[in-house]
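So the sequence lines, in the order shown, correspond to chains D and B.
Number 570 marks the last residue of the first sequence (UniProt numbering); no jumps.
Number 593 marks the last residue of the second sequence (UniProt numbering); no jumps.
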Amino acid sequence: MHILKRHIKTYRLDIFFAVISVMVMAGATLLQPRLLQEILKAIMASDQDTVNQYGIALIAVACVGLIGGILNTIFAARVAQGIAADLREEAYQKVQSFSLSNIEKFSTGHLVVRLTNDVWQVQSLIMMSLQSLARIPILFIGAFILAITTLPKLWWVMILMIVCIILASQILFKRMGKYFGRVQKLIDRINTIAKENLQGIRVVKSFNQENNQQQKFDHDSDNLTQLNTTIGYLFSAMFPGFMLIANLAITVAIYFVSLGVASHPQDLAAIPAFVTYLMQVLFAIMIGGMISTFASRGLVALRRIGEVLQTTPDLIDEDVNDMTIKGDIAFEDVSFQYPESNDTTLKNISFNIKPGEMVGIVGATGSGKTTLAQLIGRLYDPTHGNVLIDQVNLKNISQESLRRGISYVLQRVILFSGTIAENLRQGKQDATLTEMQNAADIAQASEFINRYDDQFEHLISERSANLSGGQKQRLSIARGVIGQPKILILDDSTSALDARSEKLVQDALATHLKDTTTIVIAEKISSVRHADRILVLDNGRLVGNGPHETLLKESAVYREIFETQRAKEI
Amino acid sequence: MKDIKQAVIFFSFYLKVYWKALSLGAILTIMATYFQVTAPVYMGKSLTELARFLTTWMNPMTRSTASKEHFYTALLMLLAFYIANAIAMFLSSMLISKVSSEATGQMRHGLFGKLQKMTIKYFDSHQDGKILSLFTSDLDNIFNAMNQAIFSLFSNLALWIGVIIVMFQQNTKLAWVTVISTPVAILFAWFVIKKARTAIDQQQDAVGRLNGFVNEQINGEKVIITNGLQAQSLHQFTDYNKDVRQTTLKGQIYSGLLFPLMQGMSLINLAVVIFFGSWLVLNDGMDKAVGLGLVATFVSFSQQYYQPITQITSIYNMLQLAITGARRLSEVHQQDEEIESENTENLPYIQDKVTLKNIHFSYNPGKEILHDVTIEVKKGEMVALVGPTGSGKTTVMNLLNRFYDVDAGQVLFDNQDIRHVSLQSLRDHVGIVLQDAVLFSGTIAENIKFGQPTIDDQAMIEAAKQAHIHDFISSLPDGYQTKISDENSVFSTGQKQLMSIARTILTNPDLLILDEATSNVDTVTENRIQKAMDNVIAGRTSFVIAHRLKTILNADKIVVLRDGQVIESGTHHELLEKEGFYAELYHNQMVFE
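See below:
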């Protein structure tokens, strides 16, 4: 809740009016039966003037109630959407300050849900709170007190009704809660079967398993139908049950009024008012019950957003300097372990890379290649040991300097919807057309970009659906080289290119970025065999460091990788 | 309108078997309504009788004749009507719940069954997520609508008409006063709903754009971090958020307005009814006791009268969703099913060869994918299909298993056109191993026995051994009974391929179609896959969409496809001597994909 505190302050005036207007609305609702009672008394007394007076008051009160309701909605909406938008912005800002490991801890999918769906839930919660949550207790308590003052003798009828309703709903909801859990499980199972049958439709058909799958599906589906019917029965009992309790209370009330009517004739006129209050209490309980289930969902969402807001970014610049990176890299006994993992991904790794060198990194899947590369740009801090760039510990170099000097081309290409130019400019914000053309040339992307009429202004659609794998990789490489980085890291970035294009990219890099330290992570040895040096990783350990020919002679691991690939490709 | 018609047809199809329950439900609903609208009359009557008693009692002259007998009768009637109402409501509600859940169950069953019968084309041209939402959201919407809207539309209408009838019976003037504001209320409601719809549409658009942006940015956070683009991203976000702010405010106000508005109208109407009612009692020379009861009765009526009007809006939204859902489901049911030609025969075992003969094929009319393709494989031989992406290799596989039918030409098993044999027997003969192995949730045993659920464990283990996955499975604590699912997979990508090979080995297919996986796996698994493939191919007639050179070298015949045409075929050595496309691929050390 304290996440909202600051925001509540911002909108305190709107909140104030929203609460006032809802009180007016509830007040009007409560006042009406009382006025009705007075009118009925006046009828008994044949007092025309009083009837007129109260009649006009009655209409006026109803109008005030209506206006109160409208104003309340407007103010509530202002508060709800205002706080939600602010909260969303605050959370987004927070996420943008996160390090990669912060994000991975949440997982991107969950973060997106928190920023979108959860904020939406909170908005509904606020809206509902201001519209109803304030009204329900006022109505409940108000109607309860007024009912008792209307017919003080019959206080016990009210209490009895409330107790009965609460008991009945306890019993019903307890059983329903149990069923709801089971329904959810069955729905999940049914969806899983449906999903698997969609993904595996070719398997199902080619194995002639349609009937068996239908049986499996029907088994769960029929159980769901049964359960839904049972829950439906319980619900069927609920509304008539509650109404019956209230109606019995009404009958009892009328009966007891009749017993003493001779000595308290004014009680007769109080009956309709009492009945109305009784109904208001009933509805307050029912709506309150409904709202509390919604509210609990909103509170869960709020807590989840709170988790995002309360996370401290784990890579913070302190005691840092701006510097222009030259491209010297050194690892000193570096080990690394992912926060959620039990295994050390990198174990005691040390090496040096001189400015302008081209170094390949090879090793089996899971040997730690990508992790090693990510430590160079300080996407993570090592758990042990130091990473140095130009002899300065990474922790003492500002993030700003690192981002300017080091460029990544990621294994999984990520492009954003927008123009090609917008995507390339992510690598250098003020890149000119010439710079974009040069970068595209290096990445062998010019050929296909030039085929578009609008060239660099060509739109990339969502999930880059209008580009092939190779085109995406080329654009990603272009983005990586456009800023003329001092250190360029290519993480398996040419896997979707054919051998010829791959070679052309490598040649272009060698001529245009010859002062750049280039680190090439590759699955295929053919991609790195011409590198100045190759680092061989095996299970997180550095087991080889040298040029191709030397490694072939000296490193068993390298030789094995080379042999399997040769068998695979030639 | 077309949607509504479609929805009516759809619902009547599934509901007609429940006509008895539904008629009974309707009768019970009408009864419940009758009890509900008549109860206030007895409440009024009991008050009137009590007032009469009081007047008689107050007068010393008549006190001795004062009796509460009439009052008690009225009160008892009131009680009886209350109870009868509750019972009728409960019963009709039960019937409706039963019909709703069972009809939805039938729809679910029907949908799944239809999916099993449809052509592969439907699945290839529709996203899984969209199809899945038929189960997750559309069926759900329909169920909710049946439970809470469709039948309640009926009961609300019954209540509304019932209240009007009883009101006019009781007192015409007061009845007119009660209903007179209806057009105003409906006009208000209509105006607000209209405004709300536009506002909500705009709101949803803005929210959709924002969500899309957030999703893309956060999924691309690595790029943002490595390029230091955080400030820029935040700036863009603020723009989107501003849009959401503005549209949400309008959307929330209009959609939130309806309830207080109707509630307020109801309150005003009640006030007017009370005011006019009391005025009527005093000025129309009505008996005071009767008047008192009348006002009390109309207090209830006015509230009951407005209740359906207030509820109609939420019902309207649910109906809208159900109509959309019904339309989507109907559309699925109109899709083509796999064609089973008449007088089909069972496919005999291959004697001599399998042939694709002069085949033309297109997925979409006018865009031919295969042009006059002829490929032949002799019994017991293995043909490797190679060629660049998009050359038509996968299409060949689709045709052999009759996932699609050819436009022209024939697929022949010996001399039997596969369109003249039953689908079941064709697919019993043809086994496939897909590039991306698909496993189903369940135990490992269930997955291997997928095609032969009744086979004994001995055969299963033998198949797993041949697929080189037995050792791994045995090393698991639960062995073959280990449960697997999408989220909880014990297998690596490579092991999944082994599983799918084991599954196919167990069905012992006459013809094998194997699409080699391209994904990188570790050296050990790589070797296992190679051996498993050798085992499954050995002695079988097979088509392999080949990516590994070793597989290609093992082939009895290599068929090179490019742009939907067979450009070369022959053995490795023959093709190398040709110095054509294949030779170029080979010398460039390219991956064959």
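The beta carbon of each residue, even a glycine, is placed where N, CA and C say it ideally should be.
These numbers were taken from a predicted model, which means no experiment stands behind them.
Residue environment, residue i, which counts as buried when at least 16 other CB atoms sit within 10 Å
i        : result
B:Met1   : exposed
B:Arg52  : buried
B:Glu342 : exposed
D:Glu38  : buried
B:Trp160 : buried
B:Phe550 : One point to set straight first is that residue 550 of chain B is Lys, not Phe, in the sequence displayed. Looking at its Cβ environment, which holds fewer than 16 other Cβ atoms inside 10 Å, B:Lys550 is exposed.
B:Lys20  : exposed
D:Glu502 : buried
D:Gly427 : buried
B:Tyr305 : buried
B:Leu261 : buried
B:Asp3   : exposed
B:Tyr254 : buried
B:Phe592 : With a pLDDT of 42 at B:Phe592, under the threshold of 50, the modelled position of this residue cannot be trusted; read the value that follows with caution. B:Phe592 is buried by the Cβ-count criterion.
B:Ser125 : exposed
D:Asp267 : buried
Cβ of residue i within 7 Å of any chain D Cβ
i                      : result
B:Ser93                : yes
B:Glu216               : yes
B:His109               : yes
B:Leu292               : yes
B:Glu345               : no
residue 632 of chain B : Because chain B in this structure spans residues 1 to 593, residue 632 of chain B falls outside the shown range and cannot be described.
residue 603 of chain B : A question about residue 603 of chain B goes unanswered here, because the residues of chain B that appear run from 1 up to 593.
B:Phe237               : yes
B:Lys529               : Residue identity check: residue 529 of chain B is Ile in the sequence provided, not Lys. Judged by the 7 Å Cβ criterion, B:Ile529 is not in contact with chain D.
7 Å Cβ cutoff, residue i in contact with chain B
i        : result
D:Thr108 : yes
D:Leu36  : yes
D:Arg541 : no
D:Tyr11  : no
D:Thr225 : yes
D:Ala77  : yes
D:Val203 : yes
D:Met161 : no
D:Phe17  : no
D:Tyr408 : yes
D:Gln411 : no
Nearest-angstrom beta carbon gap, residue j and residue i [assumed within contact, 8 Å]
i                      : j        : result
D:Ile291               : D:Leu133 : 6 Å
residue 594 of chain B : B:Gly291 : What is shown of chain B runs 1 to 593, which leaves residue 594 of chain B out entirely.
B:Gly451               : B:Thr507 : 4 Å
D:Ile525               : D:Val413 : With 8 Å as the limit, D:Ile525 and D:Val413 do not qualify as a contact, their Cβ atoms being about 22 Å apart.
B:Glu381               : B:Asp510 : The Cβ separation is near 13 Å, so there is no contact.
D:Leu282               : D:Ala246 : 5 Å
Top-ranked residue by Cα proximity to residue i, from the options
i                      : options                                : result
B:Asn156               : B:Val37, B:Pro365, B:Gln452, B:Leu75   : B:Val37
D:Asp86                : D:Thr518, D:Trp120, D:Glu104           : D:Trp120
B:Ala467               : B:Ala7, B:Gly451, B:Ile501, B:Asp407   : B:Ile501
D:Trp156               : D:Gly177, D:Leu278, D:Lys105           : D:Leu278
D:Lys486               : D:Leu415, D:Glu332, D:Thr518, D:Asp498 : D:Thr518
B:Arg197               : B:Thr247, B:Glu579, B:Asn171           : B:Thr247
D:Thr150               : D:Lys105, D:Lys195, D:Asn197, D:Arg34  : D:Arg34
residue 676 of chain B : B:Ile567, B:Leu385, B:Val406, B:Ser137 : No answer is possible for residue 676 of chain B: it lies beyond the span of chain B, which begins at 1 and ends at 593.
B:Asn147               : D:Leu167, D:Leu467, D:Glu357, D:Phe235 : D:Phe235
B:Phe403               : D:Val204, D:Ala194, D:Lys178           : D:Val204
B:Leu111               : B:Leu134, B:Ser93, B:Lys121            : B:Leu134
B:Ile164               : B:Thr178, B:Ser569, B:Lys5, B:Phe440   : B:Thr178
Short of 7 Å Cβ to Cβ, which residues in the segment 241 to 259 of chain B face chain D? Asn241, Val244, Arg245, Thr248, Leu249, Gln252, Ile253, Gly256, Leu257
Which residues, in chain order, does the segment 83 to 96 of chain D contribute to contact with chain B at a C-beta distance below 8 Å? Ala84, Ala85, Arg88, Glu89, Tyr92, Gln93, Val95, Gln96
Chain-ordered residues of the segment 63 to 74 of chain B with a beta carbon less than 7 Å from chain C: Among the chains of the structure shown, chain C does not appear; the protein chains present are D and B.
Could you run through the segment 178 to 199 of chain D and flag, in chain order, every residue whose CB is less than 9 Å away from some CB of chain B? Residues Ile187, Arg189, Ile190, Asn191, Thr192, Ile193, Ala194, Lys195, Glu196, Asn197, Leu198, Gln199.
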